[in-house]
Every structure is written in C-alpha cells, then in structure tokens.
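A.B. asks: Dropping a structure here in structure tokens format, bear with me for questions.
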Amino acid sequence: MPMYDYHCQVCSAKFEELVSSHRVLDAEIKCPKCKKKKSKRMLCAPALSTNGKDKPSLSNCGAPSGFS
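Okay, structure coming up:
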C-alpha cells in the first residue's frame, strides 16, 4: 500500500496517509486534525536517504496541484 501526503483545505494541516489503492478519492481522506474530508493529495519528490538514517519528511512536497 502506498503512502501519500495530503494537505487539508480546511485547517491547512499536512499529513501522511497509507492508502489501500490509488483509486481512493481525495474526498474519502479525513484530516487527522480537524476530522473534515476536504484534503488534497500533494505532489512530492521521492524521499531518498544517502546514509540510511534520514527520515523522509513533508518538506519535499509542493502545494496541492489538483492532479490525482
């Protein structure tokens, strides 16, 4: 199952969600902060580690693009 990064359009929270299928609609993803279903998937660069110790973060992600 892929992990996707999301941006809540209500409270502006950024969060990760483990999604069972790429066919899951953004409208089905609930924000863990405000509990609203108004999130958009963010386009992100792949998280790469050079030494195996770095943790991927949301800092590589761009603003929501409207693509899904």
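Numbering (our numbering), first residue to last: 227 to 294.
A virtual CB, placed ideally from N, CA and C, is assigned to each residue, including glycine.
1) How about residue 241 and residue 257: are their beta carbons less than 8 Å apart?
2) Here's the rule I'm using: 16 or more other beta-carbon atoms within 10 Å means buried, otherwise exposed. How should residue 229 be labelled?
3) According to DSSP, is residue 294 helix, strand or coil?
4) For residue 267, does the count of other Cβ atoms within 10 angstroms reach 16, so buried, or fall short, so exposed?
5) Please return the same chain residues whose Cβ sits closer than 6 Å to the Cβ of residue 246, not counting the five positions on each side in sequence.
C.D. replies: Answer, in terms of the structure:
1) One-based indexing of the sequence shown puts residue 241 at position 15. One-based indexing of the sequence shown puts residue 257 at position 31. Result yes, Cβ atoms of residue 241 and residue 257 sit closer than 8 Å.
2) If you number the sequence shown from 1, residue 229 lands on position 3. Exposed, because fewer than 16 other Cβ atoms sit within 10 Å of the Cβ of residue 229.
3) On the sequence shown, position 68 is the one that residue 294 refers to. No answer about residue 294 holds up, because its pLDDT of 49 lies below 50 and its placement is not dependable.
4) Taking the first residue of the sequence shown as 1, we reach residue 267 at position 41. With 16 or more Cβ atoms within 10 Å of its Cβ, residue 267 is classed as buried.
5) Walking along the sequence shown from the start, residue 246 turns up at place 20. Result list for residue 246: 227, in chain order.
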